[in-house]
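Note that the protein sequences, when read in sequence, are chains A and W. Residues in the first sequence are numbered consecutively from 609, following our numbering. Residues in the second sequence are numbered consecutively from 3, following our numbering.
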Amino acid sequence: MSPLARTVFECRRSVTSYRELPLPWVLPCYSPRVPTATEVRSTTHVRHSLLVRVTHWLTFLAFIALLVTGVEILISHPRFYWGEVGNVNTQPLFTFHIPSSRDTVPTGYGYVLPDQNGWSRYLHFEAAWILVLTGLVYLAYLIFTGHLRRNLIPTREQRSFRAYTGRASDYLRRARSGVELHTYNVLQRSTYLVVIFILFPLIIWTGLAMSPAVTSAFPATSSLLGGRQSARTIHLFVTILLVLFLIVHIVMVAISGFRVRMRAMITGKATLSTEFTSKELR
Amino acid sequence: MNPLSRRKLLFTGTAAVAGAAGLAAAARIAESYGLIPPDHGGLYGAGATLTYACQRVLTLHRPLREFPRNMISKSPFANPVIFNVPDAFKRSRAANFSDWRLTVDGLVDHPLSLSVPDLRALATRSQITEVACEEGWSYIAEWIGTPLSAVLREAGLKPEARFLAYFSIQPDWWDSVDLAEALHPGTLITWGMNDGDLPVGFGGPLRLRAPRQLGYKSVKFINHITVTDSMKHFGKGLGSAAPEGGYAWYAGI
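What follows is the structure, given as structure tokens:
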């Protein structure tokens, strides 16, 4: 084994030695095989596969459409309830103190916003279809290519409380971690798993639990959540969590090198040298 | 030239052609099974069609969701009638709706003209269901009426019947449902609510209740039903007044 290959090999073996390694030789540590010296010399590699890039941006577009139209629909009744029923004659759980697009809602404002529900509802459900179908394709990819096992489920070394607190304190100290350019740390992996397997299924379920046809045919979709109005309220809470994820996601991309990351998610290509010398990378 | 690009081109081309052919075939099959809504065109048509087709297949033979009596809302809410109430309605209301008629025509063997007592005598069903408005609010009430299927049985549907358009005495206020919805046992011509007559505020004397769809499909003050094979010649051909105002024809969601 050449010294070069040995270095790379050790990189894969020992997590603690990552930071002592000379940076240009740090390669994807989740690579299923030991890279050869020729591969090490080549600096451009595929960061995100075509399928991941296409599904990423489709999901992004659908999510933004769902968010904008969802807010428009919310404005027509900015009151939230718990249980099966709720209307202006019943006590709300909480209320957004904003003007409404309906004059039947007592908002305290002396005016009514224009009604945008028609196209908002059409687009909301069309975007929901794009999100669900894209999600199914992505899910199949995750499972059948091993992407899930390799890159999203925390590695054996990461499955400890210390791994979480250690990485969190690294973030707080703004410590650089070059090795993470090519894979995800335990906090990223856990967050992605929560978003993919908890938040998105929950937002779809709570959405279906508001459909009179679906709940009529399958009452459990609504009753398991505590009723139609509970489903609507949970739908809002999950939306807030997903928006928080989106904000943190964009902030992290901006901090770790916006242009490099965007190029990687659009063209798929990432260059080791640019990643390491990028001025944006601090 | 990258040696892979030709293979990629061939693969992409074949996939695109197969995809387009598959979509065209799917559209044909969906059309023949009545899974294409009248408002399937335009920017949002794909989403509306997917929702309608999927929900129609999944919910076709499912029962209605009914609630226990103790869940009936103490203070139900109804949108105030903000549109022009025609003089004919005011006159009929003054006569306690004794002259109100529901006419049934179109693709039926025996066109009907039914008074409220005629409907009561025909068949009665009571159900406790939720009214869910597209805005987000809802309430539960007991609805008493004549199943639409009983009225259609009385009139006798012609084999080419596909849709059922229903009209309010309020001008430009009309809607339609497909035959599956019209014949579902939960779809009622409602004349009673919570053990009393149906109040005018909730659509009395007659309201079509389609509890498996959002509240706006349950049109108030109906006086006319037409059975048809196509919605193309009603209004702008989108199926109901709702799409003309920007709202989806199918309101199962």
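C-beta: ideal position from N, C-alpha, C; glycine also. Bear in mind that the values here come from a model prediction, so they are computed numbers and not experimental data.
How many angstroms separate the CA atom of W:P65 from the CA atom of W:E183? One C-alpha to the other measures close to 12 Å.
Residues of chain A with a CB under 7 Å from the CB of W:L52: which are they? The answer, in chain order, is W737.
Identify the contact partners of A:A821 in chain W, using a Cβ-Cβ distance below 7 Å as the criterion. Within 7 Å Cβ-Cβ: Q57, T61, R214, Q215, G254 and I255.
Is DSSP giving W:T134 helix, strand or coil here? With the sequence shown as reference, residue 134 of chain W is identified as Ala, and Thr is not the correct amino acid for it. In the structure shown, W:A134 sits in a strand (DSSP, three-state: E or B).
Could you name the residues of the region 137–167 of chain W whose beta carbon sits closer than 8 Å to any beta carbon of chain A, in the order they occur along the chain? Result list: E137, G138, W139, S140, Y141 and I142.
Residues sharing a beta bridge with W:K76, DSSP: Answer is none; W:K76 lacks a bridge partner.
For my contact list, W:I227 and W:V106 are in at a C-beta cut-off of 8 Å; report their separation, rounded to the angstrom. Confirmed, Cβ separation roughly 5 Å.
If you reduce the DSSP assignment to three classes, tell me which class W:F13 lands in. Note: W:F13 maps to helix in three-state DSSP.
Find the residues of chain A that neighbour W:E132, judging by a C-beta separation of less than 8 Å, and give them in chain order. Chain A residues near W:E132: E692, V693, P820 and R836.
Test: A:T875 CB closer than 8 Å to a CB of chain W: The Cβ of A:T875 sits no closer than 8 Å to any Cβ of chain W.
Neighbourhood of A:R775 by C-beta distance below 7 Å, restricted to the same chain and skipping five residues each side: So the qualifying residues of the chain are N793, V794 and L795.
Step through the CB atoms of chain A and report whether any lies within less than 8 Å of the CB of W:N72. Interface annotation, W:N72: not in contact with chain A, CB-CB separation never under 8 Å.
Starting from A:T652, trace the alpha helix (DSSP H) in both directions and tell me its first and last residue. A:T652: not part of any alpha helix (DSSP H); member of the beta strand (DSSP E) spanning T652 to V654, first to last residue.
With a cut-off of 8 Å, does the C-beta of W:L11 fall near any C-beta of chain A? At a cut-off of 8 Å between beta-carbon atoms, W:L11 makes no contact with chain A.
Using 8 Å as the limit for Cβ to Cβ distance, is A:L750 near chain W? Contact with chain W is absent for A:L750, since none of that chain's Cβ atoms lies less than 8 Å from the residue's Cβ.
So which of W:L208, W:V153, W:A48 and W:P119 has the shortest CA-CA distance to W:F91? Answer by Cα proximity: W:L208.
Are the C-beta of W:R64 and some C-beta of chain A separated by less than 8 Å? Interface residue (Cβ-Cβ distance to chain A less than 8 Å): W:R64 is classified as such.
Using a C-beta cutoff of 8 Å, does W:R67 count as contacting chain A? Yes, contact with chain A.
Using DSSP with H/G/I as helix, E/B as strand and the rest coil, what is A:R641? Annotation note: pLDDT 49 at A:R641 (below 50); position unreliable, coordinate value reported separately. A:R641 falls in the coil class under three-state DSSP.
Where the beta strand (DSSP E) through W:R209 begins and ends: R209 to R211 is the extent of the beta strand (DSSP E) around W:R209.
Leaving out five residues on either side along the sequence, give the residues of the same chain with a beta carbon under 6 Å from the beta carbon of W:G203. These residues qualify, in order along the chain: A80.
Distance, Cα to Cα, W:S220 vs A:T823? Put simply, the backbone Cα of W:S220 is about 17 Å away from that of A:T823.
At a CB-CB cut-off below 7 Å, which residues of chain A make contact with W:N81? Annotation: Cβ neighbours of W:N81 in chain A (cutoff 7 Å, chain order): T712.
Helix, strand or coil at A:P630 according to DSSP, with G and I counted as helix: Here the model assigns A:P630 a pLDDT of 44, short of 50, so the residue's position is not dependable, and the following value carries that caveat. In this structure, A:P630 counts as coil in the three-state DSSP scheme.
Contact set between W:G248 and chain A, taken where Cβ atoms lie within less than 7 Å: Chain A residues near W:G248: G726 and W727.
Rounded straight-line distance, which links the Cα of W:Q172 to that of W:V87: The C-alpha of W:V87 lies about 6 Å from the C-alpha of W:Q172.
Residues of chain A with CB under 7 Å from W:A48, in chain order? Within chain A, the residues near W:A48 are E734.
Beta-carbon spacing of A:P686, A:V713 below 8 Å: Taking 8 Å as the Cβ cut-off, A:P686 and A:V713 qualify as a contacting pair.
Using a Cβ-Cβ cutoff of less than 8 Å, which residues in the same chain neighbour A:L750 once the five nearest sequence positions on both sides are dropped? Closer than 8 Å at the Cβ level, and outside the excluded window around A:L750, lie L756, L760 and I804.
Could you tell me the distance, in whole angstroms, from the CA atom of A:L635 to the CA atom of A:A878? Here the model assigns A:L635 a pLDDT of 43, short of 50, so the residue's position is not dependable, and the following value carries that caveat. The C-alpha of A:A878 is placed about 12 Å away from the C-alpha of A:L635.
Identify which residue in A:S830, A:V802 and A:W737 has its Cα closest to the Cα of A:W813. Considering only alpha carbons, the answer is A:S830.
What whole-angstrom Cβ distance do W:P257 and W:G239 have, given they're in contact under 8 Å? Only positions 3 to 255 of chain W appear in this structure, which leaves residue 257 of chain W out of reach.
In terms of DSSP beta bridges, what is W:W145 paired with? DSSP, once it has assigned bridges, lists W:Q129 and W:M195 as partnering W:W145.
With C-beta atoms as the reference, is W:E156 less than 8 Å away from W:L114? A contact, by the Cβ cut-off of 8 Å.
By alpha-carbon positions, which one of W:G248, W:V110, W:G138 and W:A26 ends up nearest to A:I681? When W:G248, W:V110, W:G138 and W:A26 are compared, the shortest CA-CA separation from A:I681 is found for W:G138.
By how many angstroms is the C-alpha of W:D111 removed from the C-alpha of A:G694? In a straight line, the C-alpha of A:G694 is about 44 Å away from that of W:D111.
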